[in-house]
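Engineer: Below: one structure in structure tokens.
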Amino acid sequence: MSLKEKVKELAKQNVQDVISIRRHLHANPELSYQEFNTAKYVAAQLKEMGITPKEGIAGTGLAAVIEGKNPSKKVIALRADMDALPIKEANDIDYKSQNEGVMHACGHDAHTASLLGVAKILTQLKDEFEGSVKLIFQPGEEKNPGGASLMIKDGVLKDPAPVNIHGQHVMPLIPVGKVGFREGMYMASCDEIYLKVIGKGGHGAVPELAVDPVLITSHIIVALQQVISRNASPKTPTVLTFGKVIADGATNIIPNEVNVEGTFRAMDETWRADAHEKIIKMASGIAESMGGSCEVEISKGYPYLENDPELTKKSRTAAEEYLGEENVVDLDLWMGAEDFSFYTHEIPACFYRLGTRNEAKGITSYVHTPTFNIDEDALEIGAGLMAWLALKELAE
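Each residue of the sequence shown is one higher than the one before, starting from 558 at the first, in the working numbering.
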């Protein structure tokens with residue numbers, strides 16, 4: 558039996574365990590940087606396989622190394638994230654979230670379960686490969702500053718140091734059975750924008766006695782779109798969206814201040830920094846010109862994500878060998894953000910997508926929604942393909 562067939566057979570044998578792990582995690586979600594029980598559960602699973610993890614990295618993160626023959630010959634890394642979202646689950650399933658208001662609505666339960674499935678496969682094939690595989694179970698992907706950045710600061714890419722890293726993420730737009738790859742730039746940077754527009758409150762019937770922050774805010778929101786339409790190059794994908802505006806007045810009350818929250822996304826670090834300055838200058842200037850003031854806070858989030866072309870090309874070829882060419886698709890640029898991007902700025906990286914959609918089963922909801930779910934048939938591929946990619950890379 559070839560090594561590929563052995564991986565496929567082990568993935569098939571272990572899939573029910575992986576599904577059980579995923580369902581346990583789904584029923585017991587924890588928010589970013591609070592993954593205490595999740596980390597303990599993952600550690601216990603690894604220890605059952607005879608793997609001793611290093612715990613407490615960046616708080617609730619952990620890492621473990623699976624050694625093959627000649628373990629120092631080459632080290633690669635595989636990453637999964639563990640945190641959930643502050644969403645109340647609306648699915649009617651046996652393994653529905655038991656933590657009210659918290660839900661695995663982005664598939665991190667599937668990522669963690671798949672990586673534990675990889676561990677099961679690789680520990681059974683330790684005599685079949687040379688080198689080592691570092692498994693990274695990461696907290697806080699959903700919240701600044703990003704668990705990946707904290708894991709890196711805490712030395713997760715050292716001792717031993719991997720030469721490259723793979724990560725996978727569920728994709729409800731891709732049918733189950735398929736995966737997606739993209740070489741080069743793939744996902745955007747992500748920054749949080751907070752504006753406090755300060756005026757002078759008053760009675761709505763005598764606006765001349767007030768400085769209306771609602772009016773000032775409306776001008777700022779509209780004007781800031783010029784940062785995109787007249788300052789960003791049309792060749793550079795950029796998004797500025799404001800999703801929250803709080804003006805706590807009334808029909809006849811002009812409030813003292815208005816608070817606004819939004820997101821800025823880009824795919825160029827130089828332009829990103831330049832845009833931050835323009836946002837601050839324009840918002841402050843407009844408010845001042847209208848008699849008020851504007852305090853601007855920009856919480857810098859994740860950088861853009863760039864897949865190493867050579868590693869991604871090799872990984873795509875390996876995926877075609879494992880799944881068939883017809884089951885490997887091209888990915889478009891994506892203005893979503895992922896803190897896996899921090900790894901991509903440290904070592905060669907490949908971040909790919911795992912199809913989880915099944916219209917026949919009614920599994921079509923997008924991530925970050927109360928009805929998100931996956932076709933669990935994807936978990937056999939989630940574990941098997943990632944193990945295969947690791948083995949192929951170690952064989953290079």
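All C-beta atoms, glycine included, are put in the ideal place defined by N, C-alpha and C. The structure presented is a predicted model; accordingly, all values stated were derived computationally and were not measured.
#1: For Gly674, which three-state DSSP category applies?
#2: What does His726 pair with, by DSSP beta-bridge criteria?
#3: Straight-line CA distance for Ile577 to Tyr652?
#4: Which runs of the beta strand (DSSP E) at least 3 residues long sit entirely within the region 734-792? Give them in chain order.
#5: Are the Cβ atoms of Glu699 and Ser589 separated by less than 8 Å?
#6: Can you tell me whether Tyr923 is buried or exposed? The criterion is at least 16 other CB atoms within 10 Å of its CB, across all chains shown.
#7: Determine the extent of the beta strand (DSSP E) in which Asn816 is found, giving its start and end residues.
#8: Would a C-beta distance cut-off of 8 Å place Gln655 and Asn594 closer than the cut-off?
#9: Tell me whether Gln602 is buried or exposed, calling it buried when 16 or more other Cβ atoms sit within 10 Å of its Cβ.
#10: Pick out whichever of Val733, Gln782, Ala876, Trp891 has its Cα sitting closest to the Cα of Val885.
#11: Please identify the residue among Leu781, Gln695, Cys663 whose C-alpha is closest to the C-alpha of Pro729.
#12: What span of residues does the alpha helix (DSSP H) with Ser850 cover, start to end?
#13: Determine the direct distance from the alpha carbon of Pro905 to that of Ala832, and round the result to whole angstroms.
#14: Runs of 3 residues minimum, wholly inside the region 878-929: which ones carry the beta strand (DSSP E) assignment?
#15: By DSSP, does Lys569 sit in helix, in strand, or in coil?
#16: For a quick check, are the C-beta atoms of Glu592 and Thr609 less than 8 Å apart?
#17: Under the three-state reduction of DSSP, which class applies to Gln681: helix, strand or coil?
#18: Candidates Asn788, Val771, Thr827, Asn813: which alpha carbon is nearest Val802's?
#19: Within 10 Å of its beta-carbon, does Gln725 have 16 or more other beta-carbons around it, so buried, or fewer, so exposed?
#20: Rounding to the nearest angstrom, what Cα-Cα distance links Gly658 and Glu854 in this structure?
#21: How about Tyr751 and Glu818: are their beta carbons less than 8 Å apart?
#22: Give the straight-line distance between the Cα atoms of Val564 and Val815, rounded to the nearest whole angstrom.
#23: With which residues is Pro732 paired in a DSSP beta bridge?
#24: Go ahead and label Val763 buried or exposed: buried means 16 or more other beta carbons lie within 10 angstroms of its beta carbon, across all protein chains shown.
#25: Exposed or buried, Thr827, counting other C-beta atoms within 10 Å across all chains shown (16 or more means buried)?
#26: Does the beta-carbon of Gly703 have 16 or more other beta-carbons within 10 angstroms, so that it is buried, or is it exposed?
#27: Determine the direct distance from the alpha carbon of Arg829 to that of Pro678, and round the result to whole angstroms.
#28: Assess contact between the region 736-755 and the region 704-718, defined as three or more Cβ pairs (one per stretch) separated by less than 8 Å. Is contact present?
#29: By how many angstroms is the C-alpha of Asp640 removed from the C-alpha of Lys918?
#30: Given this structure, state the Cα-to-Cα distance separating Ile778 from Asn864, to the nearest angstrom.
#31: Are Thr928 and Asn701 closer than 8 Å when you measure CB to CB?
#32: Exposed or buried, Gln695, counting other C-beta atoms within 10 Å across all chains shown (16 or more means buried)?
#33: Do the region 793-800 and the region 838-855 touch if we need at least three Cβ pairs shorter than 8 Å?
#34: Using the Cα positions of Glu916 and Val572, report the straight-line distance between them to the nearest angstrom.
#35: Name the DSSP beta bridge partners of Phe799, please?
#36: Taking the continuous alpha helix (DSSP H) assigned at Gly941, which residues delimit it?
Structural biologist: Straight from the coordinates:
#1: Taking the sequence shown and counting its residues from 1, one reaches residue 674 at position 117. DSSP places Gly674 in helix when its eight states are reduced to three.
#2: Taking the sequence shown and counting its residues from 1, one reaches residue 726 at position 169. According to DSSP, His726 bridges with Arg910.
#3: Counted from its first residue, the sequence shown places residue 577 at position 20. Counted from its first residue, the sequence shown places residue 652 at position 95. It is Ser, not Ile, that sits at residue 577 in the sequence shown. For Ser577 and Tyr652, the distance between alpha carbons rounds to 10 Å.
#4: 736-738, 741-744, 748-755
#5: As a working mapping, residue 699 is identified with position 142 in the sequence shown. As a working mapping, residue 589 is identified with position 32 in the sequence shown. Cβ distance < 8 Å, so Glu699 and Ser589 count as in contact.
#6: Here residue 923 corresponds to residue number 366 of the sequence shown, with the count starting at 1. Looking at its Cβ environment, which holds fewer than 16 other Cβ atoms inside 10 Å, Tyr923 is exposed.
#7: Here residue 816 refers to the residue found at position 259 of the sequence shown. Note, Asn816: beta strand (DSSP E), 814-823.
#8: To locate residue 655, count along the sequence shown from 1; it is residue 98. To locate residue 594, count along the sequence shown from 1; it is residue 37. No, they are not a contact pair.
#9: One-based indexing of the sequence shown puts residue 602 at position 45. Label assigned to Gln602: buried.
#10: In the sequence shown, the residue the question calls residue 885 occupies position 328. When each option's Cα is compared against that of Val885, the closest is Ala876.
#11: For this step, residue 729 is matched to residue 172 along the sequence shown. The candidate whose alpha carbon is nearest that of Pro729 is Cys663.
#12: Numbered from 1 along the sequence shown, position 293 holds the residue referred to as residue 850. Segment 850-857 is the beta strand (DSSP E) holding Ser850; no alpha helix (DSSP H) there.
#13: Stepping through the sequence shown from its first residue, residue 832 is reached at position 275. Stepping through the sequence shown from its first residue, residue 905 is reached at position 348. Distance between the alpha carbons of Ala832 and Pro905 is about 28 Å.
#14: 885-887, 906-914
#15: Stepping through the sequence shown from its first residue, residue 569 is reached at position 12. Of the three classes helix, strand and coil, the one that applies to Lys569 here is helix, per DSSP.
#16: Stepping through the sequence shown from its first residue, residue 592 is reached at position 35. Stepping through the sequence shown from its first residue, residue 609 is reached at position 52. No, the Cβ-Cβ distance between Glu592 and Thr609 is not below 8 Å.
#17: Locating residue 681 in the sequence shown gives position 124, counting from the first residue. Gln681 falls in the coil class under three-state DSSP.
#18: Reading the sequence shown from its first residue, position 245 is the one you call residue 802. The residue with the shortest Cα to Cα distance from Val802 is Val771.
#19: To locate residue 725, count along the sequence shown from 1; it is residue 168. Flag for Gln725 reads buried.
#20: As a first step, residue 658 is located in the sequence shown; it is residue number 101 there, counting from the start. As a first step, residue 854 is located in the sequence shown; it is residue number 297 there, counting from the start. In a straight line, the C-alpha of Gly658 is about 28 Å away from that of Glu854.
#21: Stepping through the sequence shown from its first residue, residue 751 is reached at position 194. Stepping through the sequence shown from its first residue, residue 818 is reached at position 261. Yes, Cβ-Cβ distance for Tyr751 and Glu818 is below 8 Å.
#22: Position 7 of the sequence shown, counting from 1, holds the residue named residue 564. Position 258 of the sequence shown, counting from 1, holds the residue named residue 815. Within the model, the alpha-carbon separation for Val564 versus Val815 is close to 57 Å.
#23: Locating residue 732 in the sequence shown gives position 175, where the first residue counts as 1. Answer by DSSP bridge pairing, in chain order: Arg914.
#24: The residue labelled residue 763 in the question sits at position 206 within the sequence shown. When all chains shown are included, Val763 counts as exposed.
#25: The count along the sequence shown starts at 1 and reaches residue 827 at position 270. Exposed.
#26: The count along the sequence shown starts at 1 and reaches residue 703 at position 146. The residue is buried, with at least 16 neighbouring Cβ atoms inside 10 Å.
#27: Within the sequence shown, the letter at position 121 stands for residue 678. Within the sequence shown, the letter at position 272 stands for residue 829. Just to set this straight, residue 678 is Ile in the shown sequence, not Pro. Roughly 42 Å between the two C-alpha positions.
#28: They do not touch, by the three-pair rule.
#29: Numbered from 1 along the sequence shown, position 361 holds the residue referred to as residue 918. Numbered from 1 along the sequence shown, position 83 holds the residue referred to as residue 640. Cα to Cα, the separation comes out at about 26 Å.
#30: Start at 1 with the first residue of the sequence shown, and residue 778 comes out as number 221. Start at 1 with the first residue of the sequence shown, and residue 864 comes out as number 307. Their Cα atoms are separated by approximately 34 Å.
#31: Looking up residue 928 in the sequence shown gives position 371. Looking up residue 701 in the sequence shown gives position 144. No. Outside cutoff.
#32: The residue labelled residue 695 in the question sits at position 138 within the sequence shown. Classification for Gln695: buried.
#33: Result no; under three Cβ-Cβ pairs closer than 8 Å.
#34: The residue labelled residue 916 in the question sits at position 359 within the sequence shown. The residue labelled residue 572 in the question sits at position 15 within the sequence shown. Distance between the alpha carbons of Glu916 and Val572 is about 22 Å.
#35: As a position in the sequence shown, residue 799 is number 242, starting the count at 1. For Phe799, which the question treats as bridged, DSSP gives the partners Gly819.
#36: Working through the sequence shown from its first residue, we reach residue 941 at position 384. Counting along the chain, the alpha helix (DSSP H) containing Gly941 begins and ends at 935-951.
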